[in-house]
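Residue numbers (my numbering): 282 to 637. Note that beta-carbon positions come from the ideal geometry of N, C-alpha and C, so glycine has one too. Owing to the predicted nature of the structure, the values given are computational and were not obtained by experimental measurement.
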Amino acid sequence: LAKKFKFKVQVVASFHQCGNNVGDNCDIGLPGFVRDATDIWYTDVHGSETREYISLFADDVEIKGRTPIQMYGEWFAAFAKVFASDLGKTIVNVMVGMGPSGELRYPAYPLDRWHFCGIGEFQCYDKHARASLRSKAKAAGKESWGVPLPPSMVGFYNMTPASTQFFTVGFRSPWGKFFLDWYSSCLKAHAFRVLSKARESFEGMVPFSGKVAGVHWWSHTASRAAELTAGYYNTNFRNAYLEIAQTFKSAGTSALDFTCLEMTNWDAPKHCKSSAASLVHQVVGAVHKSGLHFIGENALTRYDDHAYDTILNYKSKLTAFTYLKLTSELISDKWFSKFTRFVERMHSIGGSHHHY
282 LAKKFKFKVQ VVASFHQCGN NVGDNCDIGL PGFVRDATDI WYTDVHGSET REYISLFADD
342 VEIKGRTPIQ MYGEWFAAFA KVFASDLGKT IVNVMVGMGP SGELRYPAYP LDRWHFCGIG
402 EFQCYDKHAR ASLRSKAKAA GKESWGVPLP PSMVGFYNMT PASTQFFTVG FRSPWGKFFL
462 DWYSSCLKAH AFRVLSKARE SFEGMVPFSG KVAGVHWWSH TASRAAELTA GYYNTNFRNA
522 YLEIAQTFKS AGTSALDFTC LEMTNWDAPK HCKSSAASLV HQVVGAVHKS GLHFIGENAL
582 TRYDDHAYDT ILNYKSKLTA FTYLKLTSEL ISDKWFSKFT RFVERMHSIG GSHHHY
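So, in structure tokens, the structure goes:
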């Protein structure tokens, strides 16, 4: 169908469960042999597992004779073989899933335990995560730091930063900095492992990219708590998105995709201390500084001119934009003319993007 109408296709390689996040209107689980495995899931301090995506701490743990990294690599190789004649032609980009919702992040805000705009929780209490932290602390000569931060410090899913010790002062302490560096470094290492496997199959055939979540709530605070629990170390003079973009670049990635382009700094409730637009601008700068292309998308389903105009502000920065999503409401008489006008403006002279 895409060939018939001379469309270009951006393929999303999804290694996560569909059905557990905002906007999911389907239910597609992970393969049965993966679902039946134990000790490979992200786990919070309460022992609750998130089975949406295999934990990055289990990247090298064998499941029925293969590790997750091997499985991802075999999928890339099989896809490249079957669609060899279309890669770089009809298929112009492969977006590599690396976490929940296909985003490179920890599942810090699962919808069955969290509501907007809670700070979320660190997801590092499974046995492989604990072993990694102990090893890191021992190597640093700080064995007492080899345990995850306790809830008495970091709080719970639906708390605010101000109600915790860690997100007010603890994040600046030597122990806090050590923990945040370890937690975020594990996420970047996971990205490098998965993207390097994609590179083995796609380099020279088709560009590939990765997606980062727009965790904008509490971004207008010193600790930026929700970003920290998601794995983005974006405080203490660290630039999480520059570090991630550089990781993507080192693994051969062509572009970084980021969400919430439809939001301004004032769209979220005031008490959530969101600065979504400022966050997008930070990411755009980091992506371009790293020599990558910038791909964007909207985080929430929006059909209004305000959202469209906000997205259009980034037109000159974009290589591609993915609009979410096709619904019966979008094509209704009430909204479709606005969407048509938006697409026309995105394709008009003045931008460097290709609209997907």
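With respect to the C-alpha of Phe397, the residue from Leu337, Asp320, Trp498 and Arg332 having the closest C-alpha is Trp498.
Residue state for Ser490 is assigned as strand, using DSSP reduced to three classes. About 6 Å separates the beta carbons of Met379 and Ala472, which is inside the 8 Å limit, making them a contact pair.
Apart from sequence neighbours up to five positions away, the residues of its chain that approach Met440 with a beta-carbon distance below 7 Å are Gly399 and Ile400, ordered along the chain.
In the DSSP annotation of this structure, the continuous segment of the alpha helix (DSSP H) that includes Arg622 starts and ends at Phe617 to His628. In this structure, the straight-line span from the alpha carbon of Asp341 to that of Leu385 is close to 18 Å. The beta-bridge partner set that DSSP reports for Tyr323 consists of Thr331.
Taking all protein chains shown into account, Phe617 has fewer than 16 neighbouring C-beta atoms within 10 Å of its C-beta and is therefore exposed. Between the region 406-422 and the region 331-348 there are three or more C-beta pairs closer than 8 Å, enough to call the two in contact.
For Gly577, DSSP records a beta bridge to Phe539 and Phe602.
One alpha carbon belongs to Glu610, the other to Arg626, and they sit about 21 Å apart. Within the region 335-417, the complete beta strand (DSSP E) segments at least 3 residues long are 372-377, listed from N- to C-terminus.
For Gln527, the enclosing alpha helix (DSSP H) has its first and last residue at Ala521 to Ser531. A Cβ-Cβ contact shorter than 8 Å links Asp538 with Gly577. Secondary structure at Val496: coil, using DSSP grouped into helix, strand and coil.
Counted as a single uninterrupted DSSP element, the alpha helix (DSSP H) harbouring Ala470 occupies residues Pro455 to Phe483.
The region 504-519 and the region 449-467 touch, with no fewer than 3 CB-CB distances between them shorter than 8 Å. By DSSP's assignment, Gln291 forms a beta bridge with Asn374. Excluding its 5 nearest sequence neighbours in each direction, Gln298 has C-beta neighbours in its own chain below 6 Å: Gly310, Leu311 and Glu333, listed in chain order.
With a 10 Å radius around the Cβ and a threshold of 16 neighbouring Cβ atoms, Trp547 comes out exposed. For Cys299, the three-state secondary structure derived from DSSP is strand. Cα atoms of Ala507 and Ser500: separation of roughly 8 Å, rounded to the nearest angstrom. Between Ser504 and Phe460, the beta carbon gap of about 13 Å keeps them out of contact (Cβ cut-off 8 Å).
With a beta-carbon spacing of about 6 Å, Leu542 and Tyr595 fall inside the 8 Å limit used to define contacts. One alpha carbon belongs to Gln527, the other to His552, and they sit about 33 Å apart.
At least 8 Å separates the beta-carbon of Met376 from that of Val487.
The beta carbons of Leu509 and Phe452 sit closer together than 8 Å.
With contact defined as three or more Cβ pairs closer than 8 Å, the region 477-487 and the region 359-374 are in contact. DSSP, reduced to helix, strand and coil, places Ile612 outside both helices and strands of the structure shown, so it counts as coil. Excluding sequence positions up to five before and after Ser556, its CB lies within less than 8 Å of the CB of His497, Ser500, His501 and Asn546, all in the same chain and listed in chain order. Excluding residues up to 5 positions away in sequence, Asn374, Val375, Met376, Val377, Leu476, Ala479, Arg480, Phe483, Gly533, Thr534 and Ser535 lie with their Cβ nearer than 8 Å to the Cβ of Phe489 in the same chain. Taking 8 Å as the cut-off, the Cβ atoms of Lys492 and Gly383 count as close. Trp426 and Ala549 have their C-alpha atoms some 36 Å from each other. In the DSSP assignment, Thr591 falls within the unbroken alpha helix (DSSP H) covering Asp586 to Leu593.
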